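First comes the structure, then the notes that go with it.
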Ligand SMILES: Cc1cc2nc3c(=O)[nH]c(=O)nc-3n(C[C@H](O)[C@H](O)[C@H](O)COP(=O)(O)OP(=O)(O)OC[C@H]3O[C@@H](n4cnc5c(N)ncnc54)[C@H](O)[C@@H]3O)c2cc1C
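In our numbering, the protein residues as written are 607 to 1044.
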């Protein structure tokens, strides 16, 4: 039976709420950080370690941003956004996880391809691998020459029936955008590498890293005025004066004026917010007790089918009863507009296609995310539009030595990842530490 209550990403019981270090919003600090996602948490850790006074203001009632583990819906940890720790070795996460006793592991990497009720044949699997490899080579070759066009131009021709699957895997699923809306240069610079599963959830690990930090939830920044000697951050709970501010809010939120800047951001930075718009990735979570589909733990299942209406299943997440059905790109955008019921129905129809009518009866519950429709996000993660491959350099440039925009979108290679956001929060904080008078 499918329960129809919708997933509200904010305000659910069981989501991590910060332990407050402030009873109320302070009126004067050295640094204000806007947003308590990975970047905001990283920046606050760095500033606190550097002995500076700071406050993180977070508009929603919870911390973690796009990296959040919920335990209320299914009675066990479930990542609603970021799930895999990407390119772990390039980030501080392995060391931080070790210090906290949190286990990371790399699942078996081999994906399963299905064509209707059957598993794909060797020739189809080879064609898929060659398609991914050919695309990667073409992207890197174009990147070396500085070519910045739609990444769809780099898709190898003649891939036959696996062509649409290659486009889905490298575009809609990885970047949240169909390849005709993704910059070849941005993709060429992207660093990905290993994928680790974080025991207990990626968001749960991030929440532990936020413990004890001066975070106030339920407080939104509405205007940032840097015309005077000190920066004034006007919030829904009064004005905070500070020497510097780090804004970690998603590009789409800033591009549509979610926070007013006075004076306005320079034109090239405003353009970069639009050029680095968010792609769409959404997750349907199915509870299927007892593994009737006989999937391996964390097994990824792709479907060879024509067109963009497709998904990736992740079986028995962390050895439990949850199966993730992830959608992306323009199709995910269409689906999320149609509502949670349509999203769950789509995932169920794919289960039936691959495993037969009985599979649907084994599903106890289904839920779906709606990041795209959440005004605090507007999507999953940034991916540069064609011709905007250099926008990340523009976005990360500090303003007047006291205002920084930092987050996943400002990392030149680990954009779109939690690790990239965390590193950018640390970078901005390090620059603030250098800029502030001793
Ligand atoms: C479905 C999905 C799957 C993903 N999968 C992965 C994955 O497997 N691995 C991976 O590494 N990454 C993944 N990502 C991307 C990853 O989650 C993000 O790149 C990362 O979490 C972004 O962190 P951030 O700190 O830059 O921004 P955010 O997490 O967006 O943090 C910004 C914070 O600012 C707050 N805010 C907004 N407006 C205001 C305001 N006016 N005042 C105060 N606060 C405000 C928001 O509520 C938010 O908490 C996924 C994302 C989604 C949605």
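Beta carbons are placed, not taken as given, at the ideal position from N, Cα and C, and that holds for glycine. Model, not experiment: these values are computed from the prediction.
{"Asked": "Starting from residue 639, follow its DSSP beta bridges and name the residues at the other end.", "Found": "662, 852"}
{"Asked": "In the structure shown, what three-state DSSP assignment does residue 756 receive?", "Found": "strand"}
{"Asked": "Whose C-alpha, out of 704, 744, 779, is nearest the C-alpha of residue 908?", "Found": "779"}
{"Asked": "Would you mind giving the Cβ-Cβ distance between residue 919 and residue 931, rounded to the nearest angstrom? I have them listed as a contact below 8 Å.", "Found": "6 Å"}
{"Asked": "Cα separation between residue 912 and residue 810?", "Found": "37 Å"}
{"Asked": "Rank 634, 854, 861, 1007 by C-alpha distance to the C-alpha of residue 1017 and give the top, closest one.", "Found": "854"}
{"Asked": "So the candidates are 859, 694, 881; which of them puts its Cα closest to the Cα of residue 1117?", "Found": "No statement about residue 1117 is possible, as the shown extent of the chain runs from 607 to 1044 and does not include it."}
{"Asked": "Do residue 650 and residue 826 have their C-beta atoms closer together than 8 Å?", "Found": "no"}
{"Asked": "Using DSSP bridges, identify the partner residues of residue 892.", "Found": "929, 972"}
{"Asked": "Label residue 678 either buried or exposed according to how many other C-beta atoms from any shown protein chain fall within 10 Å of its C-beta, with 16 as the threshold for buried.", "Found": "exposed"}
{"Asked": "Tell me the rounded alpha-carbon separation between residue 1008 and residue 834.", "Found": "12 Å"}
{"Asked": "Does DSSP put residue 549 in a helix, in a strand, or in coil?", "Found": "With the chain covering 607 to 1044 only, the question about residue 549 has no answer from this structure."}
{"Asked": "Quick one: Cα of residue 869 to Cα of residue 1006, how far?", "Found": "11 Å"}
{"Asked": "Going by C-alpha distance, which of 734, 1020, 758, 975 is nearest residue 890?", "Found": "975"}
{"Asked": "Can you check which of these residues, 777, 633, 637, 737, is closest to residue 990 by C-alpha distance?", "Found": "777"}
{"Asked": "If we ignore side chains and look at the alpha-carbon of each, how far apart do residue 942 and residue 978 end up?", "Found": "7 Å"}
{"Asked": "Cβ of residue 699 within 7 Å of any heavy atom in ligand 1?", "Found": "no"}
{"Asked": "What residue ranges within the stretch 774-807 form continuous alpha helix (DSSP H) runs of no fewer than 4 residues, ordered along the chain?", "Found": "790-795"}
{"Asked": "Would you list the one or two residues that DSSP bridges to residue 827?", "Found": "841"}
{"Asked": "Hey, residue 673 and residue 688 are a contact pair by Cβ (cut 8 Å); roughly how many whole angstroms apart?", "Found": "4 Å"}
{"Asked": "From the DSSP output, in three-state form, read off residue 612 for me.", "Found": "Here the model assigns residue 612 a pLDDT of 33, short of 50, so the residue's position is not dependable, and the following value carries that caveat. Reduced to three states, the DSSP call for residue 612 is coil."}
{"Asked": "Check each candidate in 714, 808, 635 and name the one with the smallest Cα separation from residue 670.", "Found": "808"}
{"Asked": "For the structure I just gave you, are there three or more beta carbon pairs, one from the stretch 736-753 and one from the stretch 696-706, closer than 8 Å?", "Found": "no"}
{"Asked": "Do you know how far the Cα of residue 733 is from the Cα of residue 966?", "Found": "30 Å"}
{"Asked": "Going by the DSSP bridge assignment, what does residue 721 pair with across the sheet?", "Found": "724"}
{"Asked": "Would you decide whether residue 633 is buried or exposed? Buried here means 16 or more other CB atoms lie within 10 Å of its CB.", "Found": "exposed"}
{"Asked": "Can you find the residues in the same chain that come closer than 8 Å, C-beta to C-beta, to residue 684, ignoring five residues on each side of it along the sequence?", "Found": "675, 676, 677, 807, 891, 923, 928"}
{"Asked": "Select from 793, 865, 896, 1043 the residue whose C-alpha is nearest the C-alpha of residue 752.", "Found": "793"}
{"Asked": "Only counting the same chain, and skipping five residues up and downstream in sequence, which positions put a Cβ closer than 8 Å to that of residue 814?", "Found": "706, 708"}
{"Asked": "Could you check the C-alpha separation between residue 831 and residue 1011 for me, to the nearest Å?", "Found": "14 Å"}
{"Asked": "Could you tell me the distance, in whole angstroms, from the CA atom of residue 845 to the CA atom of residue 1035?", "Found": "21 Å"}
{"Asked": "Quick one: is residue 872 buried, meaning 16 or more other Cβ sit within 10 Å of its Cβ, or exposed?", "Found": "exposed"}
{"Asked": "Where do the N-terminal and C-terminal ends of the alpha helix (DSSP H) with residue 957 fall, by residue?", "Found": "946-961"}
{"Asked": "Taking 8 Å as the limit between beta carbons, can you name the residues of its chain near residue 797, skipping five residues before and five after?", "Found": "693, 696, 1019, 1020"}
{"Asked": "Where do the N-terminal and C-terminal ends of the beta strand (DSSP E) with residue 692 fall, by residue?", "Found": "690-692"}
{"Asked": "Excluding the five sequence neighbours on either side, which residues of its own chain have a C-beta within less than 6 Å of the C-beta of residue 838, listed in chain order?", "Found": "831, 845, 847"}
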